[in-house]
Amino acid sequence: MPSARPSILYVSDLAYPAKGRRYCDEDIFLTSRLREEFDIAVCHPLDAAALMNAFDAVVVRNSGPVLNHQAHHQSHHDAFRERAAADGVRVYNQLSGKGDMAGKGYLLELTAAGYPVIPTVDRAEDLGRLGDVDTYVVKPKLGADSIGLEFVPRERLTDPAAYGDVLVQPRVDFEYEVSFYFVDHTFQYALYAPRPDERWALEPYEPTDRDREFAQRFVDWNNIAYGIQRVDACRAPGGELLLVELEDLNPYLSLDALSPTARDAFVARVTTSLHGLIGEKTP
């Protein structure tokens with residue numbers, strides 16, 4: 003007899019070797035809690051397209067970097083997106099995101115629009131917009147998880163041939179990195195790495211109203227009604243926050259850094275969000 007409960011295909015690469023994180027632990031925890039209200043099946047990202055039509059919704063979680071250098075992985079992700087759109091599959095996060103989900107080109111758009119981001123260019127003739135610094139950061143537009151990131155001197159960047167599918171930013175000697183976590187457009191919690199050389203040694207962070215307004219601005223700019231977003235920022239030498247990235251595809255949540263009460267509140271909010279998505283009419 004069919005279950006009366008909504009069903010979810012939960013997409014995760016449980017074996018992905020993330021730096022400083024254990025994807026599998028987070029997804030085991032989340033699926034164990036979501037199972038209280040949903041029928042759950044877990045699958046690898048490469049199996050999602052073939053299985054997703056049998057479920058009420060697909061939750062893409064710690065699936066590893068899909069916008070990376072592995073051409074076969076990229077093609078599978080494109081096939082998943084195309085089939086989900088064609089079949090009206092409800093995907094969480096919604097696939098309309100404008101942040102890392104679509105590559106890092108949004109950093110150019112936000113820079114041009116005057117948002118508080120680390121200045122970003124993709125042409126040699128724009129290098130002067132980044133100021134005169136000793137070292138620059140070069141990252142692929144379709145990069146993820148620091149794949150392909152390099153620190154280079156200015157002389158490497160004056161030749162237009164050095165560009166292509168890369169972005170260039172000044173290297174910022176920040177005080178610390180801080181991440182703001184949202185479900186849909188609602189702030190949930192913040193964590194920070196007080197030691198710049200230990201990105202994933204995170205501790206709870208109590209944001210000021212100004213901090214929250216900073217993060218909210220990017221979530222409101224994005225085009226996702228249902229999903230989990232992480233706004234990564236750094237505290238610049240002048241004291242201001244600057245956006246590092248808007249992770250809107252499969253942000254790691256560092257739930258192990260939260261108190262049990264905070265974890266429970268997060269799970270409850272995600273559960274409500276998923277019910278809302280499943281209740282939506284299909285496209």
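Here the sequence shown is numbered in my numbering, starting from 3 and rising by one per residue. We put the beta carbon where it would ideally sit given N, CA and C, even for glycine.
Inter-residue CB distance, residue i and residue j (contact presumed, cutoff 8 Å)
i	j	result
Tyr-194	Tyr-207	4 Å
Ala-217	Phe-189	7 Å
Val-13	Val-61	7 Å
His-187	Val-233	No, His-187 and Val-233 are not in contact; Cβ-Cβ is about 12 Å, not under 8 Å.
Arg-35	Val-269	5 Å
As assigned by DSSP and simplified to three states, the class of residue i
i	result
Arg-271	helix
Ile-280	helix
Ala-20	coil
Gln-190	strand
Phe-31	helix
Glu-127	helix
Glu-38	coil
Val-61	strand
Pro-155	strand
Pro-84	Correcting the residue identity first, residue 84 is Glu in this sequence and not Pro. The answer is helix: DSSP assigns Glu-84 an H, G or I state.
Glu-200	coil
Val-119	strand
Tyr-25	helix
Best match in the options for proximity to residue i [C-alpha to C-alpha]
i	options	result
Asp-167	Asn-224, Val-140, Pro-19	Val-140
Thr-113	Ala-126, Leu-132, Ala-104, Gly-105	Leu-132
Glu-200	Arg-23, Tyr-12, Tyr-18	Arg-23
Gly-278	Asp-58, Glu-111, Arg-173, Thr-33	Asp-58
Pro-47	Glu-39, Asn-64, Arg-37, Ser-34	Asn-64
Pro-172	Ile-42, Ala-238, Ser-181, Thr-263	Ala-238
Arg-85	Ala-259, Ala-51, Glu-242, Cys-236	Ala-51
Asp-136	Cys-26, Leu-159, Leu-244	Leu-159
Counterpart residues of residue i in DSSP-defined beta bridges
i	result
Gln-171	Val-139
Glu-249	Arg-232
Leu-243	Arg-237
Ala-43	Leu-11
Ala-195	Glu-179
Glu-205	Tyr-194
Phe-184	Phe-189, Gln-231
Residue i Cβ short of 8 Å to the ligand HEM heavy atom set
i	result
Tyr-138	Although the ligand HEM was asked about, the structure shown includes no ligands whatsoever.
Closer than 9 Å to chain B by CB, residue i
i	result
Glu-200	Of the protein chains in the structure, only one exists, and it is not chain B.
Would the stretch 85 to 104 and the stretch 243 to 253 be scored as touching if the rule is three or more Cβ pairs under 8 Å? yes
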